[in-house]
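Just so we're aligned: the sequence shown equals residues 724 to 953 in this note's numbering.
Structure, as structure tokens:
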Amino acid sequence: MLKKNQFRLITNVLTAAIKLWLRTQVNHVEQLQVEIVGGDRQIISGSIPSVSIVAQKAVYKGLHLSFVDLVAKNIRIDISSILKGQQLQLLEKVSVFAELNQQEADLSASLSSTLLSTALNDVLVKLLPEYSANSKSTSWQKITIKDGLVVIFAIIDQENNPQPLDICMGLKLLSPHELSIAPISVTSNTKTLFESHEGEYIDLGSDVEIQELQIIPGNIICRGTINVNP
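Structure below.
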């Protein structure tokens, strides 16, 4: 039977391994807390009943995340590889409950990321095909969050003639696996370039199940479950 200090050593090593793995996944994180719950026999066998992770002001591939709270249960890992100093690896799919609180300042800071700017360029081309030649010259400025609405401000350069562009989108949860983006409007100098009340639908896939989505002034709050595959 493992002695108490041996159990603490294993827990400390495992906690450090998870923190190290998480830090390798992000560019920056201000606060990171990891808590492991489980008995000595379970942990040494590579079975962890529960792990909770709280991160604040994390940056993942240029995306600025204000607050993330994750809880994963029934995790299977190769504990021997971790004790040898190797990176943490999942042996089975894990269901993770996630809570995200995203502030508009961090959303605006994310506009410089390739992931978000590319996605917005694609949206612009879809809404306004005539702007496709200028989509890459679009400078995304900031994002504001209102009740149920996200407004994105940009400057688009058309033949060396910079023009302001405002994209307003409503966000609504239709089902745990589906989002509605409606209404959608695009304006420039108060002139309406595009308007749709039908909007678009996004299928989140079977690995994502959103239970709650709040779009309130200055914040987006989302709670749900994500399946993480090995």
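A virtual CB, placed ideally from N, CA and C, is assigned to each residue, including glycine.
The Cβ atoms of residue 904 and residue 918 lie no closer than 8 Å to each other. Within 10 angstroms of the beta-carbon of residue 928 lie fewer than 16 other beta-carbons, which makes it exposed.
For the set 887, 874, 912, the Cα lying nearest the Cα of residue 894 is the one of 874. Taken atom to atom, the span from the alpha-carbon of residue 796 to that of residue 772 is near 5 Å. Within the model, the alpha-carbon separation for residue 944 versus residue 733 is close to 35 Å.
Between residue 939 and residue 889, the CB-CB gap reaches or exceeds 8 Å.
Assignment of alpha helix (DSSP H) within the stretch 825-901, counting only whole runs of 4 or more residues, yields 827-832, 837-850 in chain order. Excluding sequence positions up to five before and after residue 897, its CB lies within less than 6 Å of the CB of 903, all in the same chain and listed in chain order.
Annotation: residue 823 to residue 907 spans about 24 Å, alpha carbon to alpha carbon.
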